[in-house]
Structures are given as structure tokens and as C-alpha cells.
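Structure first, commentary second.
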Amino acid sequence: MATPKQSDVFISIYMVSLIATQGSLFDLQTVLDYGQSVVNVAQELAKSLMEQRAISTKTIQSQMNRQFHGTAAEGAWQWKDAYEAVEVAAILYLRHLGLSQNPLEQLQLIESLCPTHTRRSEEQLQLQQFSTPLSLAYLVSLAGQIQGNDLILEPSAGNGILGQFALLQGASLMLNEISPDRSKILRRLFPGVPLFSVNAEQINDYLAGKTQPSVVLMNPPFSASPKVNSRNPDATARHVNSALQRLSDRGRLVTISANWFSPNNHAWRDTFVKMQEKATVVLSVGINGKVYSKHGTHIDTRLTVIDKVPAADPQEIPCISDTVELAELATLIEQLPQRPVWERITQTAQTAVSKAIRLSPVKPNSQSAPVTQALSQFLDIVPLDYEIVDWAGNDQLKDTLYETYRPQRLRIKDALPHPSLLCESAALALVSPPAPTYKPHLPQHIVTQGLLSEAQLESVIYAGQAHSEYLSGSYIVDDSWDNVTVAANNAENAVRFRRGWFLGDGTGAGKGRQCAGIILDNWCQGRRKAIWVSKSSALIEDARRDWCALGGDEKDIIDLSNIKLGDRIPFTEGILFCTYSTLRSQKNGKSRLKQIIEWAGKDYEGAISFDECHSMGNAMAVEGTLGLVSASQQGIVGLRLQNALPKARVVYVSATGATKVSNLSYANRLGLWQTGDFPFNSREDFVESIEVGGIAAMEVVARDLKALGLYLARSLSFDGVEYEMLEIELTPTQERIYDNYADAFQIIHNNLYKALEACNITGAKTYNRAAKMSAMSQFESHKQRFFNHLLTGMKCPMLIKAIEQDLAQGHAVVIQIVSTNEELLKRRLNEVRAEEWKDLNLDLTPREYVMDYLLSAFPVHLHEIHSSSEGEERSEPAFDADGSPIVSSEAVSLRDALVDKLASLDPIPGALEQLLWHFGHKQVAEVTGRSKRVLKDDSGRLFVDSRGSSANIAETNAFMQGDKQILIFSDAGGTGRSYHADLNAMNRRRRSHYLLEAGWRADNAIQGLGRSHRTNQASAPVFRPVTTNVRGERRFISTIARRLDSLGALTRGQRQTGGNGIFDTKDNLESQYAEYALYELFKQIFQGRFYEVPLGKFEQMTGLSLTSHEGGMKIDLPPLRQFLNRLLALRIEMQNVIFERFELLLSQQIETAIANGVFEIGVETLRAEKFTVESCENVYTHPATGSITNPVLSLSQ
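For the sequence shown, my numbering assigns the number 11 to the initial residue and increments by one for each residue that follows.
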């Protein structure tokens, strides 16, 4: 029998390896797999390399025809596929023989045995797929100074040549390749290695939360981007920057690029200087193009080596402009400085399955056995030692909204005070929680080192106290987890619900650290599964930070988004993190909710932390102004999770838990309804009763919850914070522009009615109520949005002057907005060819919102009137024979005339554009949700700037480091972010925080205000709400003030605290007193007693009808909110006339209520030299806590 060749033995061994990891090679599906077919060809070609025989074209064709069951001419394969097989053959050669004593000579010989690439595919040209020559790849790996404990990332892996050299040096590997075909090859060639298929220009964003490599070896496309047909010269820089962000600190990145990507190239100089703020270029040298001759090109390239440590001087960048041969390049690499000392985080050995689940988006094995991780072990665990103290109340009450906070009923041994002074609303400060008995179990150093302050430890105690109790009664939960009904205690399948706890702390109290503390208490008692639900995926980093601060490890936190929907969660322990949007997701009968519940188990007793729990608001259907408003899916799923796990220890966390009573409907574990502990039989009963009681009843809810030990709401003290309203008086020119737009909207309003008639939607009667309501609703919505944007834009000239003054005084400026005009910008850019994006001529003013309405929502489609089966005349849209809507030419003419009218009016740029264009994007950090924006260069040219998913983080860092002194943020940057004068940041200037646009959501407004006032700050900010002298703007302030009243009442027990003192109660124009005042105003107009505003003129200007069909005054008058909306669209002078009369009537209503002793003022401090309690009665003692309700019925002074 013939002795097998060495190459045959090698190939046999490799095939056995593939069989062990990938399944039988004789399985038909495996053989026909593209990646396997290429590897099969490579196995045969590798034999030639092993024997140092040249690989001939004939051999390649023969093997490709056999493996792909056809010829290239028949379309069975392309020559690009054949070249892939040649490259894979070289990798197989290296796996067997390794490197010789003279690697360059050896590798150049192997290259000479391989055919020259003479044919290219469309994909290769589009994605610039030019693999790294073997000899150059070796030198790249040499420059990485790879060690056995390194984790290597190859972001543009191709066929994995750079990665193979890393493996030869004993390192671990991560691969990324966007090409589907090459990914198939890599999956066969590197079984078990984490493999991603994402655009490497944003690889840091795609791999967020995953393991960071210590070395990056890369050869990215030089000027090609996926899905972009034209060349992109920024591609290389984006690849390098993203990979550098993913790289671990003190790691090394080695990249091949085009020779023009050089620090000595003026076009890229600034890019490298900016890069050196976080990293150091240690080598940049050109490479002679002949190294690529075998790949069919002679382009000069460049090798750049970068260490991720900040450069001592960012301007000093070593660079060799000339190109060198490989031998000289090898000498330069040998002279490289040693890599910075880097230690890989020790990880317990894992199975290949667990690695795939933790690190790779490749489909995990859903049938794999549970993975037991080596999670954090905490030592020196002791029960928390504290003593109970009696609370006697404050000796002296001040006429302030807040009181300095300290735990009222306990003193914790060795606990340190909170690092910053905390406060509590005056109303809650008058209420004492019950004396607790629960003692958390925590590592001793948590207390002694102040990792949790005394106030934070108090939260852990009261949360544990609540969790040690169950709500009264037993309940039946149906299979949908939606319906919960009261049951007898001995009923079959009856469950009891563990009591929950609400953490309502504001900015500066460290809510995330307290969540981690509550989870740690359970962890130390053996409950080592926890569920952490939060608002956005970016907040997982905050969760990791807070958990690690207490001694935990990052790997304890499991990112649910990395586990495929429907697959079993393989970890037996850990903290499962997900967002509310992830929690509600479902597909093909599979849901994240079921996935979580299966992991937890029906008897789950661990913690569930609902961080930013106000995201579950509207968990029940409520009656709105236009009918029944459905419950939100996030709220519904949040309730289902609580119902499915009755023994879970639920913690609700939010500084803005509810802006209205119905938004508390998610908090069923507080026992506010259905339990018998409170006089509410159902959730609906609770909401209705509290709403009837008004804000006073809302205040009682918060205080009672604290008295029961179920709620704490502290916040950073407002000592040092200044409030200073910036009221801007419009210039005569601005008033003229505003009046012109008001006139235009009057015309639009009139033409809208004409168009509705022309379309047969209305006429003698309303023929299609839904179509009319839709048209009117969209008009009013666009009008309201337009005037909001217009006023915001008009504020900017004076705001800019105020900002310049702040900067001159050494302040840093934070500007809070809501609107970014992103959707409008996207639509406009879609109308412009991409090649014109670098020199734009766009109208991005608020006027465009109205144009958008006219072109997309103004009624122009004809309706046909017909009689229904009941004999009622109705109209339905009319269609032609082809099924296309028929257009009313009259309505189109009306619309076109309006478009012409608007086009002639003066444009006012949006606020965001004005600020960015005036100060320049190099001075302004933008933290919004925009993916694109329009910037202006020094010459005034407008161009499109794309913002990646990590742009907000980079912009925030630039502001906090002092590179930029102005920061603008919208709701996308209003939660969990810090823009304060942090003592740990470079930028410690005092913040001037301008509330330019508050929006409609009180909770978001307050969250935003908390971004510049936080713990550990060098100075407290100056809060400056920005308003104008346009009286109709009170419409916007009114809505936010009303919701802040509710928010303060529900979450602080005192309505005035909702706005932190920024807004006055009088700003709330949507109170019962305003309703009475509006009725009196309408009556005066109808009766002719308001001489400046005759009835006919008022109805014509506002479109509001006060007259009934019979000629008398309507009983069903326009509501207050509608009146305020219409007022905003009047000329400024007329607004002021009407508003002055309305405010006069309002003040009269309030004075009358005060005189009659019925004015609802909320919490009030009574003052006298002496009070005598004449009558006091204990009306209720809570059975669980012993808390007593004893109102003072009579008091004398």
C-alpha cells in the first residue's frame, strides 16, 4: 500500500476537524453549502502549496467545476470564488506548516505559487474586496505585538488572513465580514470563532456591550461604503475611528489603508490630530504598490499603528511620507515601541456554546444545556446594623418648597452621609415612614466605604421591608396574565402578590446605585437572578457602572437583546437587562415576555427593577378628548410581567412616576386598589376617585405611600440653584412676520372649510365625520406645532446674545429643546440627489411644516355622497376605473393658492439650525436623535452631516471635556445623561441651562432639567426658561404647568414642587377657575359686552362658534384647550386684547374662591406664635404598618 503524502495526511486531519464541528462532510446540504464548497476546493489547492508546486489555472477550473457542479461559463461559479479558494488554501497551508525561520521569504514564495487575480466581480469592485497579501499580513500581525492572552478583532475579515496570523501566535479571535459569501467561508474556516456581519464603519455601535478586543488588525475598504454607489473618501477614517472606539484602553490597532490616508496629507491632518486626543500614532509609513501585484493592482498603501493611550502632544504625529519595500517595513516594525501594558480580564473557561451566545449574533443552539457562569462572589456579608429613632417632626418650618433630608426613623451604623446635600418636598417632610424591621444583607465595605450612602441604604431597607410582606387577599390570574380577579384564600390556583416599593428620587440621589443595592441584597441572600428593565439600550452601561461600583462584574449583567427571540436564555444566574421596547416585542407567536418568564420560573422571588417606570404609563385605556385612548403596549406588558411572577420583588423607579393619575395604573404592587388596604375596589375606581378629588387628592396619595413605607422621593438640594426667566420682547419686524403668518392661517382655515365642501366631506351637513375630524385635527396639530416652532425660532437672536454673555462670563451653556425637525429634514433630503448634499439649497424653516401639511394632508380627494341603508346621507372617497382617487380641482386650486401665499412670507430658521449655524458645530455639542443634520461652513454653504449612533456620546464627551462650551439636547439626551459641572470632568464651568422649549411632557421636561444639576458638581446651575411677550405662548406654558402640578402632587406630595419652582401655579390656565373664566368671557362676547371683540369678528378670527342653530348661546361651548390653540394663531395685538380680558376674569374667579374659603391652594404652611389642637380623631390605622391617619379637625391660634 502506498504511503500517503504529508499533504494528504494534513487534509484528512482538517476534514476530521470539520466533521467534528460542522457535521458530516457527506451530508448533501453541507456539501452544497457555498462556504464548504470553497473550503473543499482550497483543500485540494493546498496540496500544491504543501509540495511547493504552482497552482495552475487548469487545476483551479477542474476543482471548481467539480465542487460547484458546473463551469464558470455556465454561471455555476465566478473567478472571484476561485480566488477566494486560493486565499483559503494559503490559510490551510499556514495552519499545517506554520512559519519558518525566515517568514518573509517563505510567504513570498507561497505568493509566487498562487495565480494573479485578473478578473473581478461586481461585489468585489463595489465593496473594494482586496485581501491582504500574505507577506504584508504577517508584518501587520508582527506590528500588533500579539501575545497569547490577546483578543484580536479583524473588522473587515475577508477570508481571515490577518486573523490566521493572530491564531498562529496563540491569541483568541473575533471576526466581522459584511459579505455574505465570505461570511459563509469564515463560518467553515473558523468554526467556534465569534462572527459578525455588520458594516464595520459602525462596528463599535453594532458590538456595543460586547467584549472589547486588545488588538485590532484591519484592512478596510479605502473609499467604499455598503449601499452607497459613489465613492466615499471618509470610509477609511470611519472604519478606523469606530474600531478604535471598540478597542480596549491601552490596546493596539494596526491598519492598512490607501497611501493618502496620512497625517502629512493636509486633508486628513485634523482627523489624526483629533484621533490623538484619545490615542497615539506610533508609526505611519507608505508601502510600495508592488506588494499587491498578485492581487491585480499596484496601488501604494500605508501601514498605520495606533496605541489607545492619549498622545502627549496631539500635534506631534510620526509619519514617513515615502513608500518602502517590505524588508524595510519589517525593520521599522521591529523598532516599534512596546505596546502599553494591558491585562485581559480573567474569564472563567466557557463552552463554545456559551461563547457563541455571549459574543456572537450567529444563531445559538436553543437546545443547549444551561450555562452556569462564574459570577461575582461577595465576601464579608453581614446584616445591616441600624437603630430606630423616634421622629418628632421639624421644630421650625420654612416657607420653602423643600426641606433638607435625612432618614427620619433610623440611624445606620458606620453609614456615611450622601456625598451631596439631599432635600425633600416640604409636604413629604411632614410625613414619617413607619419603623422598619427588615435588615438587608450586604458586604460590610458597602457601608464603611460609603459605596451606598445612608439615604441610599435607607431605600434598600424599606424596599426589603415592603418585599417581606404580601398584599392582602388572594387572586386568580388568567393564562393571558391580563386579568386578575379576587379569589378565596383556599381557591385552586389562587396566588398572593408580594408587595412592591416605589423609589421616586430625583436627580442626584443615585437611583441606579440604589437599584443595584436592592439587587445586591437579594443576591447575597441567594436570589441570584434579577430582572432590570429600563428605557433605552444605552442605559445598560449605566446599569453596569452601578453594579460594578458595588463590587459586581460586568458579565453578571446579561443583555437580552443578544439572545434571539424565542431561544431559551441559557444562563442559570445573572441580572437580565432589557428595555421596555424589547419587553413588548413579539414575532411568530414568540414573545420576549414569555422568554423572560420561562427563564425566571413561575416561583421567581428575585428583584424586578422597573427603571424609568413612567415608560409604562397609560397601562389602562382612558377616555380622551377624541374618544377612548387605548392602553400602551409597554404598560400592558409591564403589568403582565408583574402578574405572571406574583412572588417577584418589584421596585418601581422614577423621579417622574406619573403626570396624571391614570399613569400610575402600572403600579399594581403598591396595593392602592383591589386589596382592601385602600377604599378602591378596582384600578378604574382609584383613577376616577383621585381625579375627582383633584390635585389635593393626588398630594394625599404620595404622602400616604410614604407613611406606609412604600415610597421615598429625595432629590439633590436646590441650594445654589438660581432661577432667572429670560423674557424676550419681539422686535417690530418679528411682530410683523408673526402677524403675516397669523393672517395666512386665517386664510388656510377659511379655505379648509371651502375645500371640505368642495370634496363633499361637508356641505349642508357633515357627510363624513371621520374625514372632517381628521382634516381639522391635522390642521390644528400642524398649526400648533408651527407657531411653537416660529416662537422658538424668534427667541434665538436674543438667546444668542445671552449665550455670548454667558460664555464671556466663563459659563458653559446647556440648551433644552424638544423639536429637531428630523422627519421634515429626511423628507426634504429624499427630494434632493445625494450628490447635491454637499451644497444644499433647502428651506428648513417652520414654514415647511405648513407646506408639508398642505401638500400631504390638505383635503383634495373627492367624496361621493350616497344614502346608507338607514337612509342617512354619507360620503365616501371616489375612485376612477383604475382605482385611483379622484381629485377635486377646486380643492387643489385652493391648496395651490395657499402654497403660493406661504412661499411669499418671510422664513424664520429653526432654533437648532440658528444656534448651530451661528456658533458653529465645532463649538456646539448636539445630543439629539437626529441621524442627519444640515450645517453651514465658513463660506455660508449648507451641507449634510451624517451622525452615527455613537454621535451623542462623542458630543457629550466633547462638552464635558471642555472641547465645546455649548450643548443642545432634546428628549433623546434628556434621560440618564450628565451635563453638569462635574468635579471629575475637565469642563467645570458653571452651567447656564436654558429651557428654550419645554414641550408637552412634564416628566421629560423635569428629567431634562436634571441633566445640569447633579451630584458631585463644582457649582449649581442657573435655570433660565425662555419666553416671549406673545400672550398666546402661555398656551404652551399652561400645559406644562398643569402637568407639573399633577406631577409634583403625585410624586412629591406637593404640587408646587413639580416644576422645581420654575413655574408658578398661576401659569396653569387649565384649572377649574380658568374654565369658569372662559365661560364668562364667552358670555361677554356673545352678549356684546366685550366691545373690542364683536361676536362675528371673534367667530371669524378663531373659527369657534358660540351661537346655536336657534340663535342663542351654545350650551356645548368650545373647550379651554381649543380656545388657547385658536388664540395662538391671532395677530399679536388681538391676542393681547383677548388674553388681558381672560386673565382679568381668571383673577376675579380666584379672588372669589379665596374670599369664600374654597380656593384649592394645596399644601400650606400655617404660622402663629402658638397653635392649640382642639379636636383630633384617629380615623384609620393601617393593619400592616400601624400607620395612623389622624386629621386635625379643629385648630385655634
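Backbone N, C-alpha and C define an ideal beta-carbon position, used for all residues, glycine too. It should be emphasised that the depicted structure is a prediction, and the values quoted were computed from it without experimental measurement.
Out of 45, 188, 423 and 159, which one is the CA nearest neighbour of residue 178? Locating residue 178 in the sequence shown gives position 168, counting from the first residue. Among 45, 188, 423 and 159, the Cα nearest to that of residue 178 is on 159.
Contact set for residue 4: own chain, Cβ-Cβ below 7 Å, skip 5 residues either direction: It is not possible to answer for residue 4, since the shown part of the chain is limited to 11 through 1207.
Just mark residue 515 as buried or exposed, buried being the case when its beta carbon has 16 or more other beta carbons within 10 Å. What you label residue 515 is simply residue 505 of the sequence shown in a count that begins at 1. Buried, since its Cβ has 16 or more Cβ neighbours within 10 Å.
Anticipated Cβ contact below 8 Å, residue 827 with residue 1007, distance rounded: The residue you call residue 827 lines up with position 817 of the sequence shown. The residue you call residue 1007 lines up with position 997 of the sequence shown. About 5 Å separates the two Cβ atoms, so the contact holds.
Three-state class that DSSP yields for residue 1006 in the structure shown: Residue numbering aside, residue 1006 sits at position 996 when the sequence shown is read from its first letter. Three-state result, residue 1006: coil.
Shortest alpha-carbon distance to residue 730 belongs to which of 540, 1022 and 718? Taking the sequence shown and counting its residues from 1, the one referred to as residue 730 is at position 720. Of the candidates 540, 1022 and 718, the one whose C-alpha sits nearest the C-alpha of residue 730 is 1022.
Are residue 1107 and residue 1117 touching if we call contact CB-CB under 8 Å? If you number the sequence shown from 1, residue 1107 lands on position 1097. If you number the sequence shown from 1, residue 1117 lands on position 1107. Cβ atoms of residue 1107 and residue 1117: not closer than 8 Å.
Here's the rule: buried if 16 or more other CB atoms are within 10 angstroms of the residue's CB, otherwise exposed. What is residue 1164? As a position in the sequence shown, residue 1164 is number 1154, starting the count at 1. Residue 1164 should be labelled exposed.
Could you check where the beta strand (DSSP E) with residue 584 kicks off and where it finishes? For the purposes of this step, residue 584 is taken as the residue at position 574 of the sequence shown. From DSSP, the beta strand (DSSP E) with residue 584 extends over 584-589.
Taking contact to mean 3 or more Cβ pairs, one atom from each stretch, closer than 8 Å, check whether the segment 465-481 and the segment 731-738 are in contact. no
Taking 8 Å as the cut-off, does the segment 528-541 touch the segment 610-627 (at least 3 CB pairs, one atom from each stretch)? yes
DSSP-derived helix/strand/coil call for residue 451: The residue given as residue 451 occupies position 441 in the sequence shown. Strand at residue 451.
Alpha helix (DSSP H) segments (min. 4 residues) lying fully within the segment 916-946: 921-929
Helix, strand or coil, according to DSSP, for residue 9 in the structure here? The requested residue 9 does not occur in the structure, where the chain is confined to residues 11 to 1207.
Helix, strand or coil: how does DSSP classify residue 974 here? Along the sequence shown, one-based indexing puts residue 974 at 964. Note: residue 974 maps to coil in three-state DSSP.
Under a Cβ-count criterion, where at least 16 other Cβ atoms within 10 Å of its own Cβ denotes burial, should residue 277 be classed as buried or exposed? Taking the sequence shown and counting its residues from 1, the one referred to as residue 277 is at position 267. Flag for residue 277 reads exposed.
Around the C-beta of residue 468, are 16 or more other C-beta atoms found within 10 angstroms, so that it is buried, or is it exposed? What you label residue 468 is simply residue 458 of the sequence shown in a count that begins at 1. Buried, by the Cβ-count rule.
Near residue 314, which residues of its chain fall below 6 Å by C-beta distance, leaving aside the five closest residues on each side in sequence? As a position in the sequence shown, residue 314 is number 304, starting the count at 1. For residue 314, where only same-chain residues beyond five positions count, the Cβ hits under 6 Å are 265 and 294.
Kindly confirm or deny that the segment 643-657 and the segment 618-625 touch, where touching means at least three C-beta pairs closer than 8 Å. yes
To test your reading of the DSSP string, which unbroken alpha helix (DSSP H) runs of 4 or more residues are found completely within the segment 507-549? 521-534
Beta-carbon gap between residue 519 and residue 725 smaller than 8 Å: For the purposes of this step, residue 519 is identified with residue 509 of the sequence shown, where counting begins at 1. For the purposes of this step, residue 725 is identified with residue 715 of the sequence shown, where counting begins at 1. Yes. Within cutoff.
Please report the straight-line C-alpha distance between residue 359 and residue 598, rounded to a whole angstrom. One-based indexing of the sequence shown puts residue 359 at position 349. One-based indexing of the sequence shown puts residue 598 at position 588. The predicted position of residue 359 is uncertain, since its pLDDT is 31 and thus under 50; a value taken from the coordinates is nonetheless stated next. Cα to Cα, residue 359 sits roughly 35 Å from residue 598.
Could you say which of 551, 778 and 800 lies nearest to residue 752 if we only look at CA atoms? For the purposes of this step, residue 752 is identified with residue 742 of the sequence shown, where counting begins at 1. When only C-alpha atoms are compared, the closest one is 800.
Other residues of its chain near residue 451: CB distance less than 8 Å, five sequence neighbours each side excluded: What you label residue 451 is simply residue 441 of the sequence shown in a count that begins at 1. Closer than 8 Å at the Cβ level, and outside the excluded window around residue 451, lie 391, 392, 393, 394, 531, 534 and 535.
For a test of the three-state rule: what should DSSP assign to residue 374, helix, strand or coil? Numbered from its first residue, the sequence shown carries residue 374 at position 364. Any reading at residue 374 needs caution, since the residue's pLDDT is 38, under 50, leaving its predicted position unreliable; the model's value is listed next. Note: residue 374 maps to coil in three-state DSSP.
Could you give the C-beta distance for residue 166 and residue 230, rounded to a whole number, given that I count them as a contact under 8 Å? Reading the sequence shown from its first residue, position 156 is the one you call residue 166. Reading the sequence shown from its first residue, position 220 is the one you call residue 230. The pair is a contact, with the Cβ atoms about 5 Å apart (cut-off 8 Å).
Can you tell me where the beta strand (DSSP E) with residue 824 in it begins and where it stops? Residue mapping note: residue 824 aligns to position 814 of the sequence shown, counting from 1. Taken as a continuous stretch (DSSP letters only), the beta strand (DSSP E) holding residue 824 covers 822-826.
How should residue 566 be labelled, buried or exposed, when 16 other C-beta atoms within 10 angstroms of its C-beta is the threshold for buried? What you label residue 566 is simply residue 556 of the sequence shown in a count that begins at 1. It counts as buried.
Close beta carbons around residue 911, own chain, < 7 Å, minus the five adjacent residues each side: Within the sequence shown, residue 911 is the residue found at index 901, counting from 1. For residue 911, where only same-chain residues beyond five positions count, the Cβ hits under 7 Å are 754 and 757.
Below 8 Å, how does it come out for the segment 968-980 and the segment 915-934: are there three or more Cβ pairs, yes or no? yes
State the Cα-Cα distance for the pair residue 376 and residue 90, rounded to the nearest angstrom. Here residue 376 corresponds to residue number 366 of the sequence shown, with the count starting at 1. Here residue 90 corresponds to residue number 80 of the sequence shown, with the count starting at 1. Residue confidence for residue 376 is low, a pLDDT of 41 falling below 50, so the modelled location carries little weight; the figure read from the coordinates is stated next. Approximately 35 Å between the Cα atoms of the pair.
Own chain residues within Cβ distance below 8 Å of residue 1, not counting five before or after: Residue 1 lies beyond the residue range present for the chain, which begins at 11 and ends at 1207; the question has no answer from this structure.
When the Cα of residue 53 is compared with those of 103, 472, 250 and 750, which residue comes out closest? Along the sequence shown, read from residue 1 onward, the residue named residue 53 stands at position 43. Of the candidates 103, 472, 250 and 750, the one whose C-alpha sits nearest the C-alpha of residue 53 is 103.
For residue 441, which three-state DSSP category applies? Here residue 441 corresponds to residue number 431 of the sequence shown, with the count starting at 1. Residue 441 falls in the coil class under three-state DSSP.
Residue environment, residue 261, which counts as buried when at least 16 other CB atoms sit within 10 Å: Translated into the one-based positions of the sequence shown, residue 261 becomes position 251. That one is buried.
Got a sec, what are the start and stop residues for the alpha helix (DSSP H) residue 191 sits in? As a first step, residue 191 must be located in the sequence shown, where it is residue number 181. Start and end: 190-199.
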